[in-house]
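Enquirer: Residue numbers (full-length UniProt numbering), protein chains in the order written: chain A, 1 to 302; chain H, 1 to 302.
There are 2 protein chains.
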Amino acid sequence: MLYLVGLGLHDEKDVTVRGKEAIEQSSRVYLEAYTSILGVGKERLEEFYGKEIIVADRDMVETDSDAILKDADKVDVAFLVVGDPFGATTHADLLLRADDLSVPYVVIHNASVMNAVGALGLALYNYGQTVSIPFFTDSWRPDSWLERVRENARLGLHTLCLLDIKVKEQSEENLARGRKIYEPPRYMSVPTAISQLLSLLPPDLTSSSYSPDAPVPQPDVLDPHTTLAISASRVGHPSQTFVSGTLAELATLDEERFGGPLHSFVIVGRTFHALERDFARRWAVDPQRWDEVSKKVYAVRD
Amino acid sequence: MLYLVGLGLHDEKDVTVRGKEAIEQSSRVYLEAYTSILGVGKERLEEFYGKEIIVADRDMVETDSDAILKDADKVDVAFLVVGDPFGATTHADLLLRADDLSVPYVVIHNASVMNAVGALGLALYNYGQTVSIPFFTDSWRPDSWLERVRENARLGLHTLCLLDIKVKEQSEENLARGRKIYEPPRYMSVPTAISQLLSLLPPDLTSSSYSPDAPVPQPDVLDPHTTLAISASRVGHPSQTFVSGTLAELATLDEERFGGPLHSFVIVGRTFHALERDFARRWAVDPQRWDEVSKKVYAVRD
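(1) Going by DSSP, name the residue or residues bridged to SER264 (chain A).
(2) For ALA33 (chain H), which residues from the same chain have a beta carbon less than 7 Å from its beta carbon, with the 5 sequence-adjacent residues on both sides left out?
(3) Name the chain H residues that come within less than 8 Å of GLY236 (chain A), Cβ to Cβ?
(4) Under 7 Å, Cβ to Cβ, is there at least one residue of chain H near VAL149 (chain A)?
(5) Give the DSSP-derived three-state secondary structure of ALA88 (chain A) in the structure shown.
(6) Which residues of chain A have a Cβ atom closer than 9 Å to the Cβ of ALA274 (chain H), listed in chain order?
(7) Since LYS51 (chain A) and ILE23 (chain A) are thought to touch, with beta carbons under 8 Å apart, how far apart are those beta carbons, to the nearest angstrom?
(8) Using a Cβ-Cβ distance cut-off of 7 Å, determine whether ASP14 (chain A) contacts chain H.
(9) Beta carbon of THR259 (chain A), beta carbon of SER233 (chain A): below 7 Å?
(10) How is the beta strand (DSSP E) around ALA78 (chain H) delimited, first residue to last?
(11) Compile a chain-ordered list of the residues in the stretch 87-98 of chain A whose CB is closer than 8 Å to at least one CB of chain H.
(12) From H:VAL243, H:GLU255 and H:ASP164, pick the residue whose C-alpha is nearest to that of VAL268 (chain H); which is it?
(13) Do we get a CB-CB distance below 7 Å when we pair SER264 (chain H) with the residues of chain A?
(14) Whole angstroms is fine: what's the gap from SER27 (chain H)'s alpha carbon to ALA123 (chain A)'s?
(15) Would you say GLN129 (chain A) reaches chain H, if we count a Cβ-Cβ gap shorter than 7 Å as a contact?
(16) Hey, ARG44 (chain A) and GLU21 (chain A): beta-carbon distance below 7 Å or not?
(17) For SER102 (chain H) and LEU247 (chain H), what's the separation of their Cα atoms in angstroms?
(18) Inspect the CB distances between the stretch 287-302 of chain H and the stretch 179-199 of chain H and report whether three or more fall short of 8 Å.
(19) Using 8 Å for Cβ pairs, my map puts VAL221 (chain A) next to LEU160 (chain A). What's the rounded Cβ distance?
(20) Within the continuous alpha helix (DSSP H) that includes residue 326 (chain A), where are the two ends?
(21) Just the Cα atoms here: how many angstroms apart are ARG179 (chain A) and VAL167 (chain A)?
(22) For TRP145 (chain A), count the other beta carbons within 10 Å of its own beta carbon; 16 or more makes it buried, fewer makes it exposed. Which is it?
(23) According to the neighbour-count rule (16 or more other Cβ atoms, all chains shown, within 10 Å of its Cβ), is TYR182 (chain H) buried or exposed?
(24) Based on the DSSP secondary-structure assignment, which residues constitute the bridge partners of VAL167 (chain H)?
(25) By DSSP, does LEU4 (chain H) sit in helix, in strand, or in coil?
(26) From PRO85 (chain H) to ALA111 (chain H), what does the alpha carbon distance come to, in whole angstroms?
(27) Can you list, in chain order, the residues of its chain with a C-beta nearer than 6 Å to that of ASP278 (chain H)? Leave out the 5 residues immediately preceding and following it.
(28) For chain A, check one thing: does any of its Cβ atoms lie closer than 7 Å to the Cβ of VAL17 (chain H)?
(29) Please name the residue or residues paired with TYR105 (chain H) in a DSSP beta bridge.
(30) Which same chain residues, not among the five before or five after HIS91 (chain H), have their C-beta less than 7 Å away from its C-beta?
(31) Would the beta-carbon of PRO212 (chain H) fall within 7 Å of that of ARG270 (chain H)?
(32) Helix, strand or coil for VAL131 (chain H) per DSSP?
(33) Check distances from the C-beta atoms of the stretch 19-34 of chain H to those of chain A and list, in chain order, the residues that come in under 8 Å.
(34) Tell me the DSSP secondary structure of ALA56 (chain H) in three-state form.
(35) If ASP14 (chain A) and THR16 (chain H) are in contact, beta carbons under 8 Å, what's the gap, nearest whole angstrom?
(36) The alpha helix (DSSP H) that contains PHE136 (chain A), what's its start and end?
Okay, here's the thing in structure tokens:
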């Protein structure tokens, strides 16, 4: 049997009781290590489960899945994924291959950022599609995700924005010389992500300042002074940090204010209501501005 | 400390190790019992946690939250929610009240249907807003959710449709007489939900039959013969059941084919791709039709 086990969001104790039992009875245990990070190292997991863990990087999962599935029709194999097994990647390739080899599988679900973001207090029903914001470079500024945000905004929906992580990246020189030397991991911060977003907007929007008497812009304009957002760092960790404010406010805060990686943030859609406003006001950069924009721009009524 | 503990989707073992520890150290344990159901009764939870559980119905949570929060600044109190604590309801009222009373709280996340639906193999990024389909009566046929489905469909997005449950409902007579006698619980099935959906479409659409040579309709037409859907019953339970097909196919299947409640289903958006088609073909009512509609209507290319 192949067990796909979600590890949840923080440390070794976020596995479910069912998941822990599956790991303990498995002959081999793999840890998928390319789509997210846990707050602890693999040694701590090994000690807690009493099992040696084999780290499976993207290469291994995508090109050598038969090694993972070897004999899994006869013995139990556990494949661990941070968050939920279907959160960032569906692992459909691996599971279809399991079917080909007549390996039965069981999925043991867990929380992922896709549902734990509910902790911000915005109803999960009112989220639209999720976007990933990639690191810009001097020559590459992909922006298709911005249209997804606008599509959500036009419907009044919230957008969960997941931020790029760079792990096991090689410098151009090392890549050219074929040296498997990797750069230190990089995690995009909320101010970086929002600054990238603002750099794609018309300059007159970003150069203007907040003006309480200006007409209410259409939601898909994403006016930085009247578009509300809530950041969520390390959701589900004891050190999780939430900050709420306008895009302009969050873009200019110090990175430290948002806590450690991974960072994400939500662009608030116009289906915003009074209880949600009150819930998120507790993390507001400027609670008075938060209420003012909620009332005037988001038409929140008590 | 107030612990909001997600119980996950199936039974007592779907709690996380961290959640179980929080329950075991709590002086009082409440189980929120109005938004979803677990596959086991509270007795089994009580035995597993070694704790007496107080069932908190909607009335109690909404009007008597101070009883739940009593002394929680001094002792630990656990509030258990099926799925994730923020899945169906944000519990913002309860948590704001905890703040008022200076009761600190910790959220222990878990899987909910909102992310476990990833098991169907459709990328979670490409889901739009979630809808709830209510039971129709002779005189009340609310249909605002249908426009939400259409909004998603226009953007190529999938829609997770959650189906109504009726628990603790009184008959009109018992209600009129003030008798607290409740009807047996009712859970909406996939064929009922899709039949309700089809009843809202123009009659010529639902009376026509599948025709491979017809022009491809706009996605928001929701043509029952060329709109794909995947049902998901008891996601995360050992008895979970998935069925894929056109809306017309799923509407006419026997209820038993979908397994026990709770049922839900996903209306597939046009951002559908080959790996997703292959993954869900394994549950298809008619695999050949599945592939044909995927190719012709959804433009899925290999």
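Where a beta carbon is used, it is the ideal one built from N, C-alpha and C, also for glycine. These figures come from a predicted structure and were not determined experimentally.
Expert: On the basis of the supplied data:
(1) Under DSSP, the beta-bridge partners assigned to SER264 (chain A) are A:LEU162 and A:ALA232.
(2) Once the five neighbours on either side are set aside, the close Cβ partners of ALA33 (chain H) are VAL55, ALA56 and ASP57.
(3) Those within 8 Å of GLY236 (chain A) in chain H are VAL107 and HIS109.
(4) No, because no Cβ of chain H sits closer than 7 Å to the Cβ of VAL149 (chain A).
(5) ALA88 (chain A) falls in the coil class under three-state DSSP.
(6) Simply none; closest approach about 10 Å.
(7) Contact flag correct, Cβ pair sits at about 6 Å.
(8) ASP14 (chain A) counts as touching chain H.
(9) Going by the sequence as given, residue 259 (chain A) is Gly instead of Thr. A contact, by the Cβ cut-off of 7 Å.
(10) Element bounds for ALA78 (chain H): 77-81.
(11) Against chain H - using a Cβ distance shorter than 8 Å - the residues of the stretch 87-98 of chain A are GLY87, THR90, ALA92, ASP93, LEU95 and LEU96.
(12) Of H:VAL243, H:GLU255 and H:ASP164, the residue nearest in Cα terms is H:VAL243.
(13) It does not; no Cβ of chain A falls within 7 Å.
(14) SER27 (chain H) and ALA123 (chain A): Cα-Cα distance of roughly 30 Å.
(15) Yes - at least one Cβ of chain H is within 7 Å of the one on GLN129 (chain A).
(16) Contact: no.
(17) Roughly 51 Å between the two C-alpha positions.
(18) The stretch 287-302 of chain H is not in contact with the stretch 179-199 of chain H.
(19) LEU160 (chain A) and VAL221 (chain A) do not touch by the CB rule: their CB atoms are close to 20 Å apart, not below 8 Å.
(20) There is simply no residue 326 (chain A) to check, as chain A begins at 1 and stops at 302 in what is shown.
(21) About 16 Å.
(22) By the 10 Å Cβ count, TRP145 (chain A) comes out buried.
(23) By the neighbour-count criterion, in which 16 or more other beta carbons inside 10 Å mark a residue as buried, TYR182 (chain H) falls on the exposed side.
(24) Answer is none; VAL167 (chain H) lacks a bridge partner.
(25) Reduced to three states, the DSSP call for LEU4 (chain H) is strand.
(26) PRO85 (chain H) and ALA111 (chain H): Cα-Cα distance of roughly 9 Å.
(27) No residues qualify anywhere along the chain.
(28) Closer than 7 Å to the CB of VAL17 (chain H) there is at least one CB belonging to chain A.
(29) The partner list for TYR105 (chain H) (beta bridge, DSSP) reads H:LEU2.
(30) LEU4 and PRO85.
(31) For PRO212 (chain H) and ARG270 (chain H), no; Cβs fall outside 7 Å.
(32) Residue state, collapsed to three classes: strand.
(33) Cβ contacts with chain A: LYS20 and GLU21.
(34) Of the three classes helix, strand and coil, the one that applies to ALA56 (chain H) here is strand, per DSSP.
(35) 5 Å between Cβ atoms; contact.
(36) Unbroken run through PHE136 (chain A): none, as it is neither H nor E.
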